[in-house]
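Enquirer:
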Amino acid sequence: MGCKIDCVGEVVTAYLDGEIDHHTAKGIREEIDAAIERNSPSLLILDFRDVTFMDSSGIGLVMGRYRQIKLTDGELHVTNTSPQIFKVMRLAGLDRLAVIDKGGKVR
Amino acid sequence: MKQKLINEFKMNLLARSSNESFARVAIAAFITQLDPTIDEICDIKTAVSEAVTNCIVHAYKEKLGQIYITVRIYEGGNVMIKIKDRGCGIPDIPQAMEPMFTTAGGERAGLGFAVMQSFMDKLKVVSKVGSGTTVTFTKQLQLRGQND
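Dropping the structure here:
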């Protein structure tokens with residue numbers, strides 16, 4: 003599990019990779035929070051394109067980043083969620099907190 | 455009607471977070487003999503991940519106890535998964551099962567049981583404070599080839 007982070011202007015994009023569970027979530031959270039701290043972005047994009055599995059630890063991760071970014075009035079977008087990941091997110095009502103797109107497909 | 459047991463798999467694991475991924479992959483591999491769909495495998499892996507994480511985060515906390523896993527598959531495509539610990543137990547099961555309720559703090563979403571309930575057909579939780587918790591869930595798989 004890794005996380006590649008790109009910063010362009012006021013936009014921070016975190017490309018998550020692999021499996022997100024209780025074991026891996028901490029490392030990802032630290033990397034993203036360090037990038038938020040450094041850049042104070044107005045938009046944080048979490049890209050789930052290369053995430054192969056996610057349980058409710060991923061919900062904690064997304065909600066926690068939502069709170070972080072809201073502290074500075076920023077916005078959170080979640081993109082490229084697979085059907086399994088979207089199902090977990092919708093169960094938690096994350097689709098009401100953040101803009102979630104499922105890989106460009108029309109909902 | 456009692457269903458005929460086709461196969462059974464048992465394992466014990468140390469309550470280490472690195473075993474979360476192993477547990478769900480091992481169980482998913484065992485279930486492939488029923489030829490499940492990708493969605494069914496994903497649902498089962500997610501439910502298993504929640505139950506095993508609960509053993510590590512809640513039941514044993516800082517301790518390294520054993521997690522006891524039994525998987526049974528029955529004729530007709532029914533899957534039963536039992537995940538048991540000898541940890542601290544749950545004092546109030548209905549409260550623990552409420553979505554967003556968590557005692558763990560940090561960034562735990564409090565959705566473990568909600569995920570298990572939503573992704574599996576049946577969920578049973580038996581717990582005794584000081585002795586441990588047993589979570590049992592079942593899912594009926596759609597057997598391909600037996601459908602229209």
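Here the protein sequences line up with chains A and B, keeping their order.
Residues in the first sequence are numbered from 3 upward in steps of one, following this note's numbering.
Residues in the second sequence are numbered from 455 upward in steps of one, following this note's numbering.
Think of the CB as a built atom: it goes at the ideal place given N, C-alpha and C, for glycine as much as any other residue.
Given the structure is predicted, the values throughout are model-derived calculations rather than measurements.
What's the C-alpha gap between residue 596/B and residue 491/B?
Expert: Straight-line Cα distance between these residues: approximately 8 Å.
Enquirer: Looking only at its own chain, which residues have a Cβ that is under 7 Å from the Cβ of residue 594/B, when we skip the five neighbours before and after it?
Expert: Cβ neighbours of residue 594/B beyond the five flanking positions: 531, 532 and 575.
Enquirer: From the beta carbon of residue 98/A, is the nearest beta carbon of chain B less than 9 Å away?
Expert: Not closer than 9 Å to any Cβ of chain B, the Cβ of residue 98/A fails to qualify, so no.
Enquirer: Could you work out which residue in 529/B, 488/B, 465/B and 504/B is closest to residue 25/A when comparing CA atoms only?
Expert: The residue with the shortest Cα to Cα distance from residue 25/A is 504/B.
Enquirer: Taking Cβ-Cβ distances shorter than 9 Å, what residues in chain B pair up with residue 65/A?
Expert: 561 and 563, listed in chain order.
Enquirer: Along chain B, in chain order, which residues have C-beta atoms closer than 7 Å to that of residue 21/A?
Expert: What residue 21/A touches in chain B: 475.
Enquirer: Establish whether the CB of residue 43/A and some CB of chain B are separated by less than 9 Å.
Expert: Not one chain B Cβ lies under 9 Å of residue 43/A.
Enquirer: Are residue 569/B and residue 93/A touching if we call contact CB-CB under 9 Å?
Expert: Yes.
Enquirer: Between the C-alpha atoms of residue 471/B and residue 535/B, what's the straight-line distance to the nearest angstrom?
Expert: Whole-angstrom Cα-Cα distance: 19 Å.
Enquirer: Which of the residues in the stretch 565-597 of chain B, read from start to end, lie with their CB under 9 Å from any CB of chain A?
Expert: Cβ contacts with chain A: 565, 566, 568, 569, 572 and 573.
Enquirer: Answer with yes or no whether the minimum CB distance from residue 612/B to chain A is below 9 Å.
Expert: The structure shown does not extend to residue 612/B, since chain B is modelled only from 455 through 602, so no value can be given for it.
Enquirer: Applying a beta-carbon distance threshold of less than 8 Å, which residues of chain B neighbour residue 36/A?
Expert: Residues of chain B passing the Cβ test: none, with the nearest at roughly 16 Å.
Enquirer: Kindly list, in the order they appear in chain A, the residues whose Cβ is closer than 7 Å to that of residue 496/B.
Expert: In chain order: 86.
Enquirer: What would DSSP say about residue 574/B, mapped onto helix, strand or coil?
Expert: Coil, per DSSP.
Enquirer: Would you call the stretch 69-89 of chain A and the stretch 463-481 of chain B in contact, with 3 or more CB pairs under 8 Å?
Expert: The stretch 69-89 of chain A is not in contact with the stretch 463-481 of chain B.
Enquirer: Between residue 552/B and chain A, is the shortest Cβ-Cβ distance under 9 Å, so that the two count as touching?
Expert: For residue 552/B, the answer is no, since every Cβ of chain A falls outside 9 Å of its Cβ.
Enquirer: Please check the pair residue 558/B and residue 506/B, which I expect to be a contact at CB under 8 Å, by giving their CB distance rounded to whole angstroms.
Expert: At roughly 14 Å, the Cβ-Cβ gap does not stay under 8 Å, so residue 558/B and residue 506/B are not in contact.
Enquirer: Relative to the C-alpha of residue 40/A, which candidate in 87/A, 8/A, 57/A and 23/A has its C-alpha closest?
Expert: Minimum Cα distance to residue 40/A is reached at 8/A.
Enquirer: Take residue 51/A as the anchor and find which of 74/A, 87/A and 95/A has the nearest alpha-carbon.
Expert: The option with the nearest alpha carbon to residue 51/A is 87/A.
Enquirer: Which whole-angstrom value is the C-beta distance of residue 563/B and residue 521/B, which I expect to be below 8 Å?
Expert: Not quite, the Cβ-Cβ distance comes to about 21 Å (not below 8 Å), so this is no contact.
Enquirer: For residue 82/A, which three-state DSSP category applies?
Expert: Residue 82/A falls in the coil class under three-state DSSP.
Enquirer: Got a sec: is the Cβ-Cβ distance from residue 4/A to anything in chain B below 9 Å?
Expert: Not one chain B Cβ lies under 9 Å of residue 4/A.
Enquirer: Hey, which unbroken runs of the alpha helix (DSSP H) at 4 residues or more fall wholly within the stretch 503-555 of chain B?
Expert: Fully enclosed alpha helix (DSSP H) runs of 4 or longer: 547-551.
Enquirer: Under a CB-based cut-off of 9 Å, is residue 525/B close to chain C?
Expert: Here chain C cannot be found, since the structure's protein chains are A and B.
Enquirer: Relative to the C-alpha of residue 548/B, which candidate in 524/B, 585/B and 577/B has its C-alpha closest?
Expert: Here the closest residue by C-alpha is 577/B.
Enquirer: Compare the beta carbon distance of residue 45/A and residue 80/A with 9 Å and say whether it is the shorter of the two.
Expert: No; because the gap between Cβ atoms is not below 9 Å, this pair is not in contact.
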